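Student: Chain order of the listed sequences is A and B. The letter at position 86 of the first sequence is residue 89 when you use my numbering, and the numbering goes up by one with no holes. The letter at position 142 of the second sequence is residue 145 when you use my numbering, and the numbering goes up by one with no holes.
Protein chains: 2
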Amino acid sequence: MLRSHTCGELTIKNAGTQVTLCGWMQRSRDLGGMTFVDLRDRYGITQLVFNMDTNASLCEQARKLGREYVIKISGVVTERSNKNLKIPTGEIEIMVDAIDVLNESKTPPFTIEENTDGGDDLRMKYRYLDIRRNTVKDALLLRAQVAAGTRNYLNSINFVEIETPVLIKSTPEGARDFVVPSRMNQGEFYALPQSPQTFKQLLMVAGMDKYYQLVKCFRDEDLRADRQPEFTQIDCEMSFVEQEDILNTFEGLIQHLFKNIKNADIGNLPRMTYADAMKTYGNDKPDIRFEMKLVELNDLVKGKNFKVVDDAEVVVAICAKGCSEYSRKQLDELTEWVKRPQIGATGLVYARWNADGSLKSSVDKFYSADDLKTWMEKCGAQQGDLLLILAGETNKTRKAMSELRLEMGNRLGLRNKDVYKALWVLDFPLLEWNEEAKRWHAMHHPFTSPKPEDVSWLESSPGNVRANAYDMVINGVEVGGGSIRIHNKTLQQKMFSVLGFTNEDAQEQFGFLMNAFEYGAPPHGGIAFGFDRLCSLFGGSDSIRDYIAFPKNNSGRDVMIDSPSKISDEQLKELALQIKK
Amino acid sequence: MLRSHTCGELTIKNAGTQVTLCGWMQRSRDLGGMTFVDLRDRYGITQLVFNMDTNASLCEQARKLGREYVIKISGVVTERSNKNLKIPTGEIEIMVDAIDVLNESKTPPFTIEENTDGGDDLRMKYRYLDIRRNTVKDALLLRAQVAAGTRNYLNSINFVEIETPVLIKSTPEGARDFVVPSRMNQGEFYALPQSPQTFKQLLMVAGMDKYYQLVKCFRDEDLRADRQPEFTQIDCEMSFVEQEDILNTFEGLIQHLFKNIKNADIGNLPRMTYADAMKTYGNDKPDIRFEMKLVELNDLVKGKNFKVVDDAEVVVAICAKGCSEYSRKQLDELTEWVKRPQIGATGLVYARWNADGSLKSSVDKFYSADDLKTWMEKCGAQQGDLLLILAGETNKTRKAMSELRLEMGNRLGLRNKDVYKALWVLDFPLLEWNEEAKRWHAMHHPFTSPKPEDVSWLESSPGNVRANAYDMVINGVEVGGGSIRIHNKTLQQKMFSVLGFTNEDAQEQFGFLMNAFEYGAPPHGGIAFGFDRLCSLFGGSDSIRDYIAFPKNNSGRDVMIDSPSKISDEQLKELALQIKK
Chain A
4 MLRSHTCGEL
14 TIKNAGTQVT
24 LCGWMQRSRD
34 LGGMTFVDLR
44 DRYGITQLVF
54 NMDTNASLCE
64 QARKLGREYV
74 IKISGVVTER
84 SNKNLKIPTG
94 EIEIMVDAID
104 VLNESKTPPF
114 TIEENTDGGD
124 DLRMKYRYLD
134 IRRNTVKDAL
144 LLRAQVAAGT
154 RNYLNSINFV
164 EIETPVLIKS
174 TPEGARDFVV
184 PSRMNQGEFY
194 ALPQSPQTFK
204 QLLMVAGMDK
214 YYQLVKCFRD
224 EDLRADRQPE
234 FTQIDCEMSF
244 VEQEDILNTF
254 EGLIQHLFKN
264 IKNADIGNLP
274 RMTYADAMKT
284 YGNDKPDIRF
294 EMKLVELNDL
304 VKGKNFKVVD
314 DAEVVVAICA
324 KGCSEYSRKQ
334 LDELTEWVKR
344 PQIGATGLVY
354 ARWNADGSLK
364 SSVDKFYSAD
374 DLKTWMEKCG
384 AQQGDLLLIL
394 AGETNKTRKA
404 MSELRLEMGN
414 RLGLRNKDVY
424 KALWVLDFPL
434 LEWNEEAKRW
444 HAMHHPFTSP
454 KPEDVSWLES
464 SPGNVRANAY
474 DMVINGVEVG
484 GGSIRIHNKT
494 LQQKMFSVLG
504 FTNEDAQEQF
514 GFLMNAFEYG
524 APPHGGIAFG
534 FDRLCSLFGG
544 SDSIRDYIAF
554 PKNNSGRDVM
564 IDSPSKISDE
574 QLKELALQIK
584 K
Chain B
4 MLRSHTCGEL
14 TIKNAGTQVT
24 LCGWMQRSRD
34 LGGMTFVDLR
44 DRYGITQLVF
54 NMDTNASLCE
64 QARKLGREYV
74 IKISGVVTER
84 SNKNLKIPTG
94 EIEIMVDAID
104 VLNESKTPPF
114 TIEENTDGGD
124 DLRMKYRYLD
134 IRRNTVKDAL
144 LLRAQVAAGT
154 RNYLNSINFV
164 EIETPVLIKS
174 TPEGARDFVV
184 PSRMNQGEFY
194 ALPQSPQTFK
204 QLLMVAGMDK
214 YYQLVKCFRD
224 EDLRADRQPE
234 FTQIDCEMSF
244 VEQEDILNTF
254 EGLIQHLFKN
264 IKNADIGNLP
274 RMTYADAMKT
284 YGNDKPDIRF
294 EMKLVELNDL
304 VKGKNFKVVD
314 DAEVVVAICA
324 KGCSEYSRKQ
334 LDELTEWVKR
344 PQIGATGLVY
354 ARWNADGSLK
364 SSVDKFYSAD
374 DLKTWMEKCG
384 AQQGDLLLIL
394 AGETNKTRKA
404 MSELRLEMGN
414 RLGLRNKDVY
424 KALWVLDFPL
434 LEWNEEAKRW
444 HAMHHPFTSP
454 KPEDVSWLES
464 SPGNVRANAY
474 DMVINGVEVG
484 GGSIRIHNKT
494 LQQKMFSVLG
504 FTNEDAQEQF
514 GFLMNAFEYG
524 APPHGGIAFG
534 FDRLCSLFGG
544 SDSIRDYIAF
554 PKNNSGRDVM
564 IDSPSKISDE
574 QLKELALQIK
584 K
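Here's what the structure looks like:
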């Protein structure tokens with residue numbers, strides 16, 4: 004090795020030792036006869052000292068080092084007079100006796116600091132410099148730690164990591180596939196997997212029993228800020244299990260990760276049905292770090308000649324604790340906020356229970372103080388609290404109220420990133436009606452099993468069929484989801500038929516799986532976690548991008564390598580393809 | 004869980020316990036009033052017993068179970084009267100009190116046994132049944148074990164696993180890329196990586212220092228038996244190292260794996276230069292489990308009017324120990340063997356040193372017994388040995404002799420699969436002349452650094468430049484290879500120029516890497532192991548296919564899911580592509 008130690012490990016215990024370090028020149032300071040240089044590597048920063056009096060030519064050499072020069076130095080570890088107790092190496096410095104410049108550097112286009120002056124585009128173009136910053140470097144180290152923790156836990160309970168293929172087959176169900184033209188089979192294409200779903204089910208038919216994989220998946224979707232065309236899943240499947248077994252096994256995984264990575268005891272995960280989550284939080288991924296639950300006021304508000312609520316399917320309130328003194332301006336601003344197209348409410352009603360005991364609302368002409376008192380009681384409000392109320396069609400109103408609840412949570416500081424609250428959401432509907440396509444879609448995917456007691460409704464009342472499906476939600480983020488699968492060919496065929504597949508289409512696309520079900524398929528189920536998102540959650544960040552070494556931008560481009568790009572005519576010819584302008 | 008135990012864990016210690024097992028019906032035997040059923044799962048086989056006398060209806064039910072039915076049974080663990088000490092569960096059986104058929108099975112198309120009656124095509128089509136066979140199941144479990152062992156070792160010495168992108172950029176250098184048309188950037192393509200080479204180098208520029216990844220790579224080549232279009236690499240890179248550091252680090256990895264997986268001490272790896280390997284074994288991946296080295300006889304054989312050898316660039320012998328009594332028929336057959344087009348020799352000369360001390364050759368009219376004696380001495384032969392001799396152009400003759408040597412090793416039982424001999428081959432040439440393209444090709448890849456002392460020959464005598472490149476070879480198989488990389492822009496540019504790139508082409512394809520070299524690139528190097536091949540080596544198999552859960556056939560097809568396949572016109576339209584017939 005060109006070095007004897009890293010820049011993160013030398014302490015007062017090493018005083019007097021002759022060492023060799025390699026790293027990047029972070030910064031240098033000339034103080035009269037002395038020059039101090041911070042040398043940086045992946046492990047930390049060590050201070051180097053050069054003295055004009057004792058070695059002028061070496062000191063001159065040090066003064067010429069530019070930012071991000073790669074150097075190798077040797078010297079003696081010495082106790083500092085001016086200690087920096089904020090960093091592990093802060094009690095020592097190196098009295099350097101030799102410098103070797105291993106490589107020079109142009110001035111970087113942005114500062115390599117905790118907070119950089121580089122914009123997103125520049126950082127992505129020079130990602131290899133961006134990763135030198137602690138923020139990004141630590142995110143990648145955290146990711147590796149979460150991966151190792153996941154593997155350790157699953158290996159310890161007999162799961163087997165098995166790689167499934169990347170070149171698979173395109174299916175029209177679900178999101179859009181990336182496809183790969185085949186040269187050896189011209190005119191035909193592979194597809195990149197959106198998930199290894201069918202393969203992991205085949206592994207269960209194959210008897211592998213407990214499978215997992217940290218695996219790249221691909222979706223050709225129009226990208227949003229937190230979406231990437233390629234992303235990583237912790238993909239898992241088990242045989243001979245019921246839903247309860249999956250929940251317990253993966254509750255164990257998340258407890259293990261929190262213990263190992265955050266040294267936090269996340270406790271047992273509460274469980275909530277989809278129906279309750281929608282009713283109480285207006286959201287199937289509720290943030291339960293704070294209460295402020297949705298309360299339906301229908302019985303109390305209807306029949307008082309207030310047309311808006313009389314016509315509404317539902318009237319929903321939340322109670323903002325201690326907000327009775329919100330100014331008119333604040334309330335107007337909140338009203339504008341809920342009327343934005345992203346939220347879509349038509350207006351906002353409020354009711355204050357003032358500190359002096361008086362009650363006041365924006366709809367006083369319809370309701371008496373006694374009426375308001377009944378609302379307050381139903382919402383569990385106290386003097387000093389503020390009710391915010393929306394009315395309208397059920398799903399839309401709940402959704403808008405969920406957004407308002409999260410916004411109020413943010414404004415009141417109730418969504419602390421250092422607090423983690425996880426739960427299971429259960430009993431999802433099996434199907435949802437797609438108005439555009441005029442057909443039922445699988446809410447999870449077509450392999451999810453219906454609850455046995457609901458199977459008889461599959462044809463008569465598909466919307467009422469509940470699935471053996473579950474999501475794990477942490478701090479309002481869906482980190483994982485899964486289901487007990489169908490393992491019976493007839494039921495799988497019926498499912499495809501409900502989804503509008505012809506027998507021929509179902510057979511052509513998923514025949515291999517249905518055939519496999521005829522050769523002794525065991526009962527099985529599984530779960531997949533969004534690994535990028537899980538890492539960003541552990542890192543306390545909203546963006547997954549810094550947890551991916553080389554992410555793509557919102558147009559799906561890698562601006563560093565400039566990809567995608569044109570390919571040669573020869574390549575196109577070999578693939579029997581032509582680009583249609 | 005539907006079961007209390009697996010079919011692999013119950014022993015005499017559990018006698019008397021009430022248990023529930025799930026698994027597949029492997030076989031059943033009716034012996035008068037008793038029925039015995041072998042129940043199989045991933046963990047083993049447990050014998051079930053049913054008794055006509057004590058429970059006739061249950062016994063009848065057991066007799067109706069077909070092969071590969073999935074069942075759940077409960078019963079009591081009981082000591083067997085007729086013990087099978089070959090399997091861990093062989094001392095007990097389960098007195099069953101209830102059977103639950105979880106799923107039926109059609110009769111499988113081949114037997115689910117150690118050795119199956121299914122041909123390759125059938126096994127691949129029903130891979131989910133093939134994996135139930137111990138042979139394949141154990142191969143996949145071994146693979147997971149090798150992966151876990153690799154990660155444990157590398158994590159323990161501060162390597163960080165970092166995922167690099169799968170959607171990258173097509174480059175004409177090297178093998179053919181698989182490409183992925185972009186919908187959001189019509190007319191442009193991503194490529195799937197042949198290796199994460201440039202990304203791991205960028206991670207070194209980024210300061211990540213010690214990187215690894217178990218990663219899928221892709222090559223659109225015409226497939227041979229042991230090639231797959233997608234394969235897995237253990238990909239590694241380190242900064243601030245010299246060749247010696249890489250060799251030591253990864254010698255440590257392979258020692259760790261042999262210790263953990265085979266409980267074998269593989270010892271320190273000998274080192275051999277490429278030049279010596281070619282001269283002594285005719286091969287840059289020598290199988291050193293056995294001697295039988297190539298010996299050059301030029302000085303001894305030339306000038307005796309035997310035109311074949313007089314015209315030959317090189318005359319090479321191997322000594323087959325104890326083979327002097329090979330019959331004429333055997334020698335004729337060997338002669339035919341070396342004359343096959345795959346080997347390409349024009350003939351084979353032999354010389355025997357018989358047990359009685361006499362010497363005899365196929366070229367006695369040119370050489371005396373004394374001549375033959377000098378050959379024997381040079382080859383270290385003894386009475387009873389046989390020399391096999393080829394003559395011709397150096398590279399071709401060495402290559403043919405290497406093949407003959409391996410064949411003789413096989414015939415003489417010198418290539419024991421349970422013996423492992425690993426070595427490093429060093430000092431590869433940097434470049435090789437490609438006659439077809441009339442230009443120099445990089446023997447390893449264009450990022451490999453020349454030996455500093457050879458750099459001056461880059462332009463004047465490219466063929467003589469040695470690379471800082473190394474391969475790890477085990478039992479004649481190249482399991483890994485790597486190099487110290489170029490980390491200087493000017494040298495990298497010169498390398499591209501020697502390879503026939505214009506400045507513009509080099510900049511367009513690899514500009515991002517050369518730019519990165521200008522911002523403080525550290526000295527770095529790495530290695531990549533062929534993971535599929537490494538696993539098959541540990542498993543003692545010549546084929547990598549059984550070590551891949553869902554492999555493709557020699558036409559690149561997955562016959563189970565029937566991929567590649569046609570995609571819809573709508574998909575083609577979105578991608579702005581047309582298929583050219």
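Positions of the beta carbon are idealized from the N, C-alpha and C atoms, including for glycine. Note that this is a predicted model, so its numbers are computed, not measured.
Kindly list the residues whose CB is nearer than 7 Å to the CB of G542/A, restricted to its own chain and excluding five residues on each side of it in sequence; keep chain order.
Tutor: Contacts found: A142, L145, Y550.
Student: In chain A, which residues lie less than 8 Å from E164/B when you measure between Cβ atoms?
Tutor: Within chain A, the residues near E164/B are A147, A150, A151.
Student: In the DSSP assignment, find the alpha helix (DSSP H) that holds L334/B and state where it starts and stops.
Tutor: Taken as a continuous stretch (DSSP letters only), the alpha helix (DSSP H) holding L334/B covers 331 to 342.
Student: For G78/B, which of helix, strand or coil comes out of DSSP?
Tutor: Strand at G78/B.
Student: Between which residues of its own chain and N286/A is the CB-CB distance below 7 Å, once the five residues before and five after are set aside?
Tutor: Cβ within range, chain order: A280, S405.
Student: With G62/A as the anchor, note down where its beta strand (DSSP E) starts and where it stops.
Tutor: Here residue 62/A turns out to be Cys, not Gly, going by the sequence shown. That residue, C62/A, is in no beta strand (DSSP E); its alpha helix (DSSP H) goes 59 to 66.
Student: Quick check: what's the CA-CA separation for F192/A versus P567/B?
Tutor: Approximately 5 Å, taken between the alpha carbons.
Student: Just tell me which of R179/B, S198/B, A178/B has its CA closest to the CA of V169/B.
Tutor: Taking only the C-alpha atoms, the option nearest V169/B is S198/B.
Student: List the residues that DSSP assigns as beta-bridge partners of G484/B.
Tutor: Beta-bridge pairing links G484/B to D474/B, A531/B.
Student: If I530/B and G484/B are in contact, beta carbons under 8 Å, what's the gap, nearest whole angstrom?
Tutor: With 8 Å as the limit, I530/B and G484/B qualify as a contact, their Cβ atoms being about 7 Å apart.
Student: Under the rule that 16 or more other beta-carbon atoms within 10 Å means buried, what is R355/A, buried or exposed?
Tutor: Buried is the call here.
Student: Which residues in chain B sit within 9 Å of A579/A, going by Cβ to Cβ distance?
Tutor: Within 9 Å Cβ-Cβ: I582, K583, K584.
Student: In this structure, does DSSP put T377/A in helix, strand or coil?
Tutor: If DSSP states are grouped into helix, strand and coil, T377/A belongs with the helices.
Student: Please give me, in chain order, every unbroken run of the beta strand (DSSP E) with length at least 3 that falls completely inside the region 103 to 166 of chain B.
Tutor: Those beta strand (DSSP E) runs which fall completely within the region 103 to 166 of chain B and span 3+ residues do not exist here.
Student: Using DSSP with H/G/I as helix, E/B as strand and the rest coil, what is T49/B?
Tutor: In the structure shown, T49/B sits in a strand (DSSP, three-state: E or B).
Student: Nearest chain A C-beta to W3/B closer than 8 Å, yes or no?
Tutor: Nothing about residue 3/B can be read from this structure; chain B reaches only from 4 to 584.
Student: Note down, in chain order, every chain A residue with its Cβ under 9 Å from the Cβ of I574/B.
Tutor: One point to set straight first is that residue 574/B is Gln, not Ile, in the sequence displayed. Neighbours of Q574/B on chain A, chain order: S173, P175, R179, D180, V182, F192.
Student: Using a C-beta to C-beta distance shorter than 7 Å, which residues of chain B count as neighbours of M4/A?
Tutor: Correct list: F243, V244, D248.
Student: Return yes when the Cβ of R488/A is within less than 8 Å of the Cβ of Q204/A, no when it is not.
Tutor: Taking 8 Å as the Cβ cut-off, Q204/A and R488/A qualify as a contacting pair.
Student: Write down every uninterrupted run of the beta strand (DSSP E) in the region 224 to 257 of chain A whose length is 3 residues or greater and which is fully enclosed by it, in chain order.
Tutor: Entirely contained in the region 224 to 257 of chain A, the beta strand (DSSP E) runs reaching 3 residues are, in chain order, 233 to 242.
Student: Which residues mark the beginning and the end of the alpha helix (DSSP H) in which R30/A is found?
Tutor: Not the alpha helix (DSSP H): R30/A falls in the beta strand (DSSP E), residues 21 to 34.
Student: Is L132/A close to chain B, meaning its C-beta is less than 8 Å from at least one C-beta of that chain?
Tutor: Chain B, which has a Cβ nearer than 8 Å to the Cβ of L132/A, makes this yes.
Student: For chain B, is any of its Cβ atoms less than 8 Å away from the one on H444/A?
Tutor: Taking Cβ atoms only, chain B never reaches closer than 8 Å to H444/A, which makes this a no.
Student: What's the C-alpha gap between E224/A and K441/A?
Tutor: So the alpha carbons of these two residues sit roughly 22 Å apart.
Student: Per DSSP, V182/A is paired with what?
Tutor: Beta-bridge pairing links V182/A to A194/A.
Student: State the start and end residues of the unbroken beta strand (DSSP E) segment that holds Q216/A.
Tutor: Its beta strand (DSSP E) spans residues 213 to 221.
Student: By the 10 Å Cβ neighbour count, where 16 or more other Cβ atoms means buried, how is S164/A classified, buried or exposed?
Tutor: The displayed chain sequence assigns Glu, not Ser, to residue 164/A. The residue in question, E164/A, is buried, as its Cβ has 16 or more Cβ neighbours within 10 Å.
Student: State the beta-bridge partners of P432/B as determined by DSSP.
Tutor: According to DSSP, P432/B bridges with R469/B.
Student: Between the alpha carbons of R292/B and S365/B, how many angstroms are there, rounded?
Tutor: Looking at the two C-alpha atoms, the distance is approximately 29 Å.
Student: Residues in its own chain within less than 6 Å of K363/B by CB, not counting five upstream and five downstream?
Tutor: Result list for K363/B: R355, in chain order.
Student: When the Cα of G360/B is compared with those of P526/B, A372/B, L51/B, C538/B, which residue comes out closest?
Tutor: Considering only alpha carbons, the answer is A372/B.
Student: What does DSSP give as the partner residue(s) for K497/A in the beta ladder?
Tutor: For K497/A, which the question treats as bridged, DSSP gives no partner whatsoever.
Student: When we look at the beta-carbon of W427/A and count the other beta-carbons within 10 Å, is it buried (16 or more) or exposed?
Tutor: Looking at its Cβ environment, which holds 16 or more other Cβ atoms inside 10 Å, W427/A is buried.
Student: Compare the C-beta of F53/B with all C-beta atoms of chain A and state if any pair is closer than 8 Å.
Tutor: For F53/B, the answer is no, since every Cβ of chain A falls outside 8 Å of its Cβ.
Student: Which residues in chain B sit within 7 Å of R45/A, going by Cβ to Cβ distance?
Tutor: Under the 7 Å cutoff, chain B gives G210, M211, D212.
Student: In three-state DSSP terms, what is M446/B?
Tutor: Note: M446/B maps to coil in three-state DSSP.
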